[in-house]
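A.B. asks: First the structure, which I've put down as structure tokens, then a few questions once you've had a look.
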Amino acid sequence: MGWAGFNGGDPYSANIDSSMAVLNTNICAATSLLIWTWLDVFFFNKPSVIGAVQGMITGLVCITPGAGLVQGWAAIVMGILSGSIPWFTMMIVHKRGGVYGKSAGGIQILKQLVGGAFIIGWNLVVTSIICVLIRLVVPLRMSEEQLTIGDDAVHGEEAYALWGDGEKYDSTKHGFTSDDTVNQKTSSGATQVV
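Our numbering applies: residue 1306 is where the sequence shown begins, and numbers increase by one.
In structure tokens form, the structure reads like this:
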């Protein structure tokens, strides 16, 4: 939990503020993870490891600005909001969680909202300039042929593969079998098509 050290070390001393920051960091991250996972189960009938991690990260991002300033119940509320609002809006980690988290403490709220709007505008302009410069060197979009055959075929592997053979879970392949035979195939990690 490097983030606990990050938030807990912010007061530069071992005092009640640093211990509250560590406690609130864990409370908000766990609440956000549970809410995000519950929403995955409620709407898609199964939990997602990637979703759980995204929920945890949004909780960590949300609590960071006020970790040592808020009470435990407020960390739970922040976890509920950071685990649900980004899930529904799909502007995942840093935009919604960060803007809400920095203004949830209530200290200098107008200045913080203006600062958040400035940062969003700055990121929009600078990222656009960077993308234009990159586009001068390499294309940012795949060719029509590559789009037709698909991302997985072009790169030779699947993003977020959770199984050793480089594929996502498939119950016919990875599921429990009722017969006494043992699958002789051994996994060698994620594979790449060359």
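Even glycine gets a Cβ: it sits at the ideal position worked out from N, Cα and C.
When you compare the CB positions of Trp1341 and Trp1392, do they come within less than 8 angstroms of one another, or not?
C.D. replies: Closer than 8 angstroms, so yes.
A.B. asks: Reducing DSSP to helix, strand and coil, say where Asn1320 ends up.
C.D. replies: coil
A.B. asks: Using the Cα positions of Val1487 and Ser1353, report the straight-line distance between them to the nearest angstrom.
C.D. replies: Confidence at Val1487 is low in this model, with a pLDDT of 48, below 50, so its placement is unreliable and the value that follows should be read with caution. Cα to Cα, Val1487 sits roughly 28 angstroms from Ser1353.
A.B. asks: With a threshold of 16 other CB atoms inside 10 Å of the CB of Gly1377, please say whether the residue is buried or exposed.
C.D. replies: exposed
A.B. asks: Quick check: the Cα distance between Asn1312 and Asp1322, rounded to an integer number of angstroms?
C.D. replies: 10 angstroms
A.B. asks: Tell me the DSSP secondary structure of Gln1376 in three-state form.
C.D. replies: coil
A.B. asks: Take Ile1332 and list the residues in its own chain whose beta-carbon comes closer than 7 angstroms to its own, dropping the five residues that flank it on each side.
C.D. replies: Here the set comprises Gly1377, Ala1380, Ile1381 and Gly1384.
A.B. asks: Given that a residue counts as buried once 16 or more other Cβ atoms are within 10 Å of its Cβ, and exposed if not, what is Met1447?
C.D. replies: So Met1447 counts as exposed.
A.B. asks: Exposed or buried, which one is Val1375 when buried takes at least 16 other CB atoms within 10 Å?
C.D. replies: Val1375 comes out buried.
A.B. asks: Quick check on DSSP: helix, strand or coil for Arg1446?
C.D. replies: Collapsing the DSSP output to three states places Arg1446 in coil.
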